[in-house]
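In the working numbering, the protein residues as written are 220 to 663.
Note that beta-carbon positions come from the ideal geometry of N, C-alpha and C, so glycine has one too.
Fair warning: this is a prediction, and the values are worked out from it, not measured in the lab.
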Amino acid sequence: MENQFQVGTTTTISGMIHNVRVTKWGGFIILRKARGLVQTVVGEQSHFYDEQGAEIAMADLCREMAVTITGTVNEAKIKDPAALNNTIEIAVDKVEVLSRPSSTEVIDMNALKFGDEEALLRYKFDNRQVTLRNPRDMGILKVQSTIAKAFADYLTEQGFTQIFTPKIVSEGAEGGANVFTMDYFGKQVYLAQSPQFYKQIGVGVYERVFEIAAAYRAEKHATSRHLNEYISLDVEMGFIKGQEDVMKLEADLLRSIIARVNTACAHELNLLNATMPVLPENVPAWKLSEVHEILFNEHLCEADHRGEDDLAPEEERAICKYALEKYGSDFVFVTHFPSEHRAFYAMDDPKDPTLTLSFDLLMRGLEITSGGQRMHSEDDYRRKMIARGMNPDNFRFYLDTFRNGMPPHGGFAIGLERITACFLGLTNVKEASMFPRDINRVAP
């Protein structure tokens, strides 16, 4: 693309017309490409042709036409941050129309502004198949694509094997009521909340595995933080000495992802006015009980949350602010959550079986990861299942994995939309979903 924009050369470029501005002396055609906008300048020497090759006027052009433009690359100073290259413009010689919208009133990507942010988002999501063409939304999903690619590349380099697991399952990996049921040839089955069982099975095969795939949660939330269908970045690794090995892997992985996004998406970060988070070599890590105490003693929360079995949203925000101010980190690990409030496969702490060797990773006031060490003994699984009122017979294929031997292992999962939103400072995670699904939306 850079060679295509050498000043003084003739270039041919295809794209969608983002905007047309007619002036007394000619005008501008703003062309939209995959990474941004290209400004082209129309003058007396410019000619325009329709799909059949007949000459037409500039006034016959409209937004969302697919065109091919031939012209000369000139130097320019363009202020629009959506410009793919703000140092050049193209003096148009010829515009060839390839196709045109059937509507005369296409959605204007330049006018997606409302006084009410909720109304804007509703309009954008109702017309998502078109409003995704807005440079800002294009930028969000380009960053997301880079995150997913960097995730896969780093883990592959570290000896992980990518796996692909089923999303129609006979039992929910997390248990509880937040699973979607469906009829499967007369039998009730579920949409997978997580690939947890299968990625643990994968550890027995490949030692280190990862997956990028959809996950489903039947949670009746209508908030800016939740989706009912999302992309889960899952990791599981064997032969660990403890959950600290898993935490270190995640920190190293995220540093690699941050570096990749900074390099590959500089244009998008500038367009979105986003600054990537700071992840130091030593990430602050506290037990859940310690976080409660820190926030209480430092008077950083209005309520006293000591003794609670999870972090309140105000605690997540407060401990992240504290970690940034005290340790220069946008990230915080919180460990040792109560066993009764963690999934049954979480390893209990031998020093205190009421707690688990599990963690959450918080970033900029929001949880982006849950993970930890898993049990690897069949007897431990059966004991815990029975204590929780679960029928081990329903998990026969899963328990067979451990009956046939498994190494100590652990892993974590990152919500792709949530980490994208956190990286970019988005106020609603749905903006980081190409076609968001929540309790009110299943279309488009």
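Paired residues, beta bridge with residue i - DSSP
i, result
"T375", "According to DSSP, which records beta bridges pairwise, T375 is partnered with nothing at all."
"K506", "T554"
"V648", "BP columns for V648 are empty, so no partner."
"I236", "L250"
"D657", "R660"
"I387", "L410"
"F267", "I275 and V314"
"L256", "R251 and A302"
"T230", "G290"
"T380", "V428"
"A261", "One detail in the question is off: residue 261 reads as Val in this sequence, not Ala. BP columns for V261 point to G246."
"V241", "G246"
Whole-angstrom distance between residue j and residue i, CA atom to CA atom
i, j, result
"F344", "A301", "21 Å"
"F642", "L498", "12 Å"
"L374", "E650", "27 Å"
"H628", "Y342", "45 Å"
"E597", "V424", "17 Å"
"D571", "F458", "23 Å"
"K386", "S265", "55 Å"
"I420", "A632", "16 Å"
"G246", "E448", "45 Å"
"E463", "T554", "10 Å"
"I275", "F267", "5 Å"
"A542", "E430", "30 Å"
"K545", "E487", "30 Å"
"E263", "V314", "13 Å"
"M466", "C539", "17 Å"
"S475", "V311", "42 Å"
"G584", "I638", "12 Å"
"E336", "N610", "47 Å"
"Q225", "I248", "19 Å"
"I450", "R319", "34 Å"
"I219", "E559", "Given that the chain is displayed from residue 220 to residue 663, the structure contains no residue 219 and the question cannot be resolved."
"A295", "N305", "7 Å"
"T365", "N481", "10 Å"
"V261", "D327", "21 Å"
"N293", "V398", "57 Å"
"T443", "L452", "The amino acid at residue 443 is misidentified as Thr; the sequence shows Ser. Near 20 Å, if we compare the C-alpha coordinates of L452 and S443."
"G591", "L468", "12 Å"
"E390", "T620", "16 Å"
"V661", "A562", "29 Å"
"S321", "K368", "36 Å"
"Y600", "R622", "10 Å"
"T380", "L473", "18 Å"
"Q223", "D299", "20 Å"
"G630", "F578", "10 Å"
"V408", "F416", "16 Å"
"A278", "T291", "22 Å"
"M566", "L645", "34 Å"
Cβ-Cβ separation, residue j to residue i (assumed contact under 8 Å), whole Å
i, j, result
"F556", "L580", "Between L580 and F556 the Cβ distance is about 13 Å, and since that is not below 8 Å, they are no contact."
"S257", "V286", "Residue identity differs from the one stated: residue 257 is Val in this sequence, not Ser. Actually they do not touch by this definition, with Cβ atoms about 11 Å apart."
"A432", "T384", "7 Å"
"R427", "G461", "So it is not a contact: roughly 16 Å between Cβ atoms."
"T231", "T289", "5 Å"
"A478", "V502", "With 8 Å as the limit, A478 and V502 do not qualify as a contact, their Cβ atoms being about 16 Å apart."
"Y617", "R593", "Between R593 and Y617 the Cβ distance is about 11 Å, and since that is not below 8 Å, they are no contact."
"K418", "E455", "4 Å"
"L635", "Q363", "6 Å"
"L303", "K252", "6 Å"
Any non-hydrogen atom of the ligand SAM within 7 Å of residue i CB
i, result
"M284", "This structure simply doesn't include the ligand SAM, nor any ligand for that matter."
Fully enclosed by the region 283-360, which beta strand (DSSP E) runs are 3 residues long or longer?
With a minimum length of 3 residues, the continuous beta strand (DSSP E) runs that stay inside the region 283-360 are 285-294 and 307-318.
Does the region 347-358 touch the region 649-663, meaning 3 or more C-beta pairs lie closer than 8 Å?
Contact holds: three or more Cβ-Cβ distances are below 8 Å.
At which residue ranges does the region 593-635 contain complete alpha helix (DSSP H) runs of 4 or more residues, listed in the order of the chain?
Entirely contained in the region 593-635, the alpha helix (DSSP H) runs reaching 4 residues are, in chain order, 597-606 and 615-622.
Which full runs of the alpha helix (DSSP H) of 4+ residues lie inside the region 393-463, going along the chain?
Positions of the alpha helix (DSSP H) runs, each at least 4 residues long and wholly inside the region 393-463, are given as 415-425 in order along the chain.
Which ranges does the beta strand (DSSP E) cover as unbroken runs of at least 3 residues, wholly within the region 521-594, from first to last along the chain?
Complete beta strand (DSSP E) runs here, min 3: 550-554, 571-575, 577-582 and 585-593.
Is the region 538-551 touching the region 488-507, taking contact as three or more C-beta pairs under 8 Å?
At 8 Å Cβ cutoff, the stretches touch.
contact_flag[the region 272-285, the region 226-238] where n(CB pairs < 8 Å) is 3 or more
By the Cβ criterion, the region 272-285 is in contact with the region 226-238, since at least three pairs of Cβ atoms, one from each stretch, lie closer than 8 Å.
Closer than 8 Å is the cut-off here; do at least three beta carbon pairs connect the region 398-406 with the region 351-370?
Contact between the region 398-406 and the region 351-370 is absent, with fewer than three C-beta pairs closer than 8 Å.
Should the region 248-257 be regarded as contacting the region 292-309, the criterion being three or more beta carbon pairs within less than 8 Å?
Contact between the region 248-257 and the region 292-309 is established, with three or more Cβ pairs separated by less than 8 Å.
List in chain order: all unbroken alpha helix (DSSP H) runs of 4+ residues lying wholly within the region 469-498.
Those alpha helix (DSSP H) runs which fall completely within the region 469-498 and span 4+ residues are 485-490.
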